[in-house]
Amino acid sequence: MQRRAQRDGQFDQREQHAERVRRAGGLNRLLAAAVAVPVMLTAAGCSSDSGSGDDAKDAGASVGAGSGTDSAASAAPTVQAAAYKTLPEACAVVSKKTLTELVPKGAAKGKEGTSSDTAARASCSWSSLANNGVKGSQFRWLNVSLLRFESDATTGDGESQAKTYYAKQVKDAQAVSGAKNVKSAPAAATGDEATSVRYDLKKSEGAFKQQTVVVRVENVVLTLDYNGAGLAGDKAPSAETLTKSAEKAAKEAVAAVRSANGEGGSGGSDTSDTSPSPSKSASSTPKATPSKSSSATPKATASKAAAAAPKASASAKS
Numbered sequence: 004m005q006r007r008a009q010r011d012g013q014f015d016q017r018e019q020h021a022e023r024v025r026r027a028g029g030l031n032r033l034l035a036a037a038v039a040v041p042v043m044l045t046a047a048g049c050s051s052d053s054g055s056g057d058d059a060k061d062a063g064a065s066v067g068a069g070s071g072t073d074s075a076a077s078a079a080p081t082v083q084a085a086a087y088k089t090l091p092e093a094c095a096v097v098s099k100k101t102l103t104e105l106v107p108k109g110a111a112k113g114k115e116g117t118s119s120d121t122a123a124r125a126s127c128s129w130s131s132l133a134n135n136g137v138k139g140s141q142f143r144w145l146n147v148s149l150l151r152f153e154s155d156a157t158t159g160d161g162e163s164q165a166k167t168y169y170a171k172q173v174k175d176a177q178a179v180s181g182a183k184n185v186k187s188a189p190a191a192a193t194g195d196e197a198t199s200v201r202y203d204l205k206k207s208e209g210a211f212k213q214q215t216v217v218v219r220v221e222n223v224v225l226t227l228d229y230n231g232a233g234l235a236g237d238k239a240p241s242a243e244t245l246t247k248s249a250e251k252a253a254k255e256a257v258a259a260v261r262s263a264n265g266e267g268g269s270g271g272s273d274t275s276d277t278s279p280s281p282s283k284s285a286s287s288t289p290k291a292t293p294s295k296s297s298s299a300t301p302k303a304t305a306s307k308a309a310a311a312a313p314k315a316s317a318s319a320k321s
């Protein structure tokens with residue numbers, strides 16, 4: 004009985020020890036779990052912080068890229084705006100009084116040239132044939148061509164384009180086929196640049212005296228052609244007289260261009276002229292788009308009008 008009691012006591016001790024071990028193991032697991040939670044939270048926090056940094060970097064990169072684009076846009080070259088935005092009515096740029104002197108039989112019969120945009124390209128011509136009976140006749144022909152250049156990022160500012168075209172017109176006037184006794188001289192007090200070219204040109208109808216005055220005022224180029232001839236035995240007109248008359252008409256035309264764009268001077272309009280004033284015609288004409296006013300098409304038209312038209316008209320009228 005005593006041994007059995009001892010065995011039971013030993014068994015109870017072993018059970019109690021096992022119970023303590025089990026409790027200790029559970030406590031250790033709880034402690035381990037408790038320790039693991041902060042570690043996980045810390046890791047998650049680090050991961051979150053890392054992601055925020057990447058987002059910040061991405062945002063910074065985006066801002067930097069945007070700033071670069073804005074800088075590139077602001078650094079794009081700008082073109083100076085053209086000074087003149089329109090043209091006067093071509094048939095009104097020379098006063099009626101001056102027209103009567105230059106083309107006495109055709110002062111009231113100006114013929115406007117064809118143009119798809121009269122605010123960028125315009126022209127007008129007059130012709131006169133005074134029949135003196137058996138003595139012959141006197142022929143006169145006058146043409147005014149206006150070409151305005153608009154500033155454009157591709158072709159450059161309007162004034163620079165006008166300078167280039169002005170030089171070309173002068174060169175063309177000096178190189179007319181068949182021209183004799185060619186003389187060139189500055190046309191004083193007319194526009195920003197002005198050159199007067201005169202020469203003799205013999206045709207089947209008679210000996211013609213040709214005067215071409217080319218003027219640049221800001222971004223507009225004016226080409227004025229004036230010729231005269233004594234036909235059917237009449238004597239040829241004086242080249243000096245024709246040149247003075249041409250330069251006088253050119254000055255009036257330049258004044259009309261300035262007036263149409265809000266500057267002083269009335270150009271060809273006067274109290275005796277019933278034609279619309281340049282300022283009125285400018286307000287009624289359509290505005291030019293940058294692509295039409297600076298294109299090569301108006302240049303070709305103006306060149307042909309300056310060189311070919313006088314010959315054709317002279318032949319027709321004679």
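Start counting the sequence shown at 4; every next residue gets the next number (the numbering used here). Every residue gets a Cβ at the ideal spot worked out from N, C-alpha and C, and that includes glycine. Given the structure is predicted, the values throughout are model-derived calculations rather than measurements.
*Should Ala125 go down as buried or exposed, given a rule of 16 or more other Cβ atoms within 10 Å for buried?*
buried
_Between which two residues does the beta strand (DSSP E) holding Lys88 run?_
Segment: none, Lys88 is in no beta strand (DSSP E) and carries neither H nor E.
*List the endpoints of the continuous alpha helix (DSSP H) containing Lys171.*
First-last of the alpha helix (DSSP H) with Lys171: Gly161 to Gln177.
*asked:* So, for Asp160: in the same chain, excluding its five sequence neighbours on each side, which residues have a beta-carbon less than 6 Å away from its beta-carbon?
replied: Val82, Gln83 and Ser154
_Rounded to whole angstroms, what is the Cα-Cα separation between Ser280 and Thr101?_
For Ser280, the predicted structure reports a pLDDT of 37, less than 50, and the residue's modelled location is therefore unreliable. The matter cannot be settled from this model.
*Can you give the Cα-Cα distance for Val106 and Gly113, rounded to whole angstroms?*
10 Å
*Can you say whether Lys205 is buried or exposed, counting buried as having 16 or more other CB atoms within 10 angstroms of its CB?*
exposed
*Is the region 132-140 in contact with the region 176-186, if contact means three or more CB pairs nearer than 8 Å?*
No contact exists between the region 132-140 and the region 176-186.
_Can you tell me whether Pro301 is helix, strand or coil according to DSSP?_
Interpretation of Pro301 is limited by its pLDDT of 41, a score under 50 that renders its predicted location unreliable; the figure taken from the coordinates is listed afterwards. It is helical.
*Straight-line Cα distance separating Lys166 from Leu90*: 17 Å
_Can you give me the C-alpha to C-alpha distance between Tyr202 and Ser180, rounded to a whole angstrom?_
11 Å
*Could you check the C-alpha separation between Pro189 and Val257 for me, to the nearest Å?*
15 Å
*If we count the other Cβ atoms within 10 Å of its Cβ and call it buried at 16 or more, is Gly209 buried or exposed?*
buried
*asked:* For Leu225, which residues in the same chain have their Cβ closer than 6 Å to its Cβ, ignoring the five residues on either side in sequence?
replied: Leu149, Val218 and Ala256
*Look at the Cβ atom of Asp237, then the Cβ atom of Ser140, and state whether they are nearer than 8 Å.*
For Asp237 and Ser140, yes; Cβs fall inside 8 Å.
*Who are Pro107's beta bridge partners in DSSP?*
DSSP lists no partner for Pro107.
*Of all the options Glu243, Trp129 and Lys108, which has the alpha carbon lying nearest to the alpha carbon of Cys94?*
Trp129
*Going by Cα to Cα distance, which pick from Lys88, Pro80 and Thr117 is closest to Glu162?*
With distances taken between Cα atoms, Glu162 lies closest to Lys88.
*asked:* Among Gln164, Glu250, Ser119 and Ala235, whose alpha-carbon lies nearest the alpha-carbon of Ser199?
replied: Glu250
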